[in-house]
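Below: one structure, written as structure tokens.
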Amino acid sequence: MSRENPKDPQPVPMPDPTTIDRIIAQGDPETLVVWAERIGKALARQVATSQIRNVFGTARQIQLRWDKDPESAYRDAVLLRPKLSYFAKREGQGMEDLRRILAPALEVMSQTPQPEERKARFNRFMDFFEAIVAYHKAYGGKEN
């Protein structure tokens, strides 16, 4: 009988474009929670808490500035995609997997020309990211 070793990293599930659209464009909270748990659990053994929090903190700062300066915040949100690539290259496979999930979510955010819808989509992106971070921690997210 084979048992899963909790210390072994498990592959990070990759949501397809339709799933990302349901989470970010349509705002489906059930899909968000299901996928955030899958992703957070898989990342818990691969990515240190400080690594994921670094990226999350940057995204949170953008969200907090959105009402004051929406154009600049939107620009910075789009520029998160190359920052995610940088973090992935620097930090390894777990962060690369996270980049492969978050970058398409950011693309969905920017696929609408309406400023209010962009803001709503970015907020849903942040809900998704925050849920991933929460599940990462709940499943014993790797310490430095």
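When you line the sequence shown up against our numbering, it's residues 7 to 150, in that order. C-beta atoms are modelled at their ideal positions from N, C-alpha and C, and glycine is treated no differently. On a predicted model such as this, the values are computed, not experimentally measured, just so you know.
query                                                                                                : result
Nearest neighbour of residue 27, chosen from 103, 67 and 111 [CA to CA]                              : 111
Touch test, the segment 94 to 107 against the segment 55 to 71, Cβ-Cβ under 8 Å, three pairs minimum : yes
Own chain, CB closer than 6 Å to residue 61, minus 5 neighbours either side, in chain order          : 93
Straight-line Cα distance separating residue 103 from residue 20                                     : 8 Å
Cβ-Cβ distance between residue 41 and residue 25 below 8 Å                                           : yes
Buried or exposed (CB count within 10 angstroms, at least 16 for buried), residue 47                 : buried
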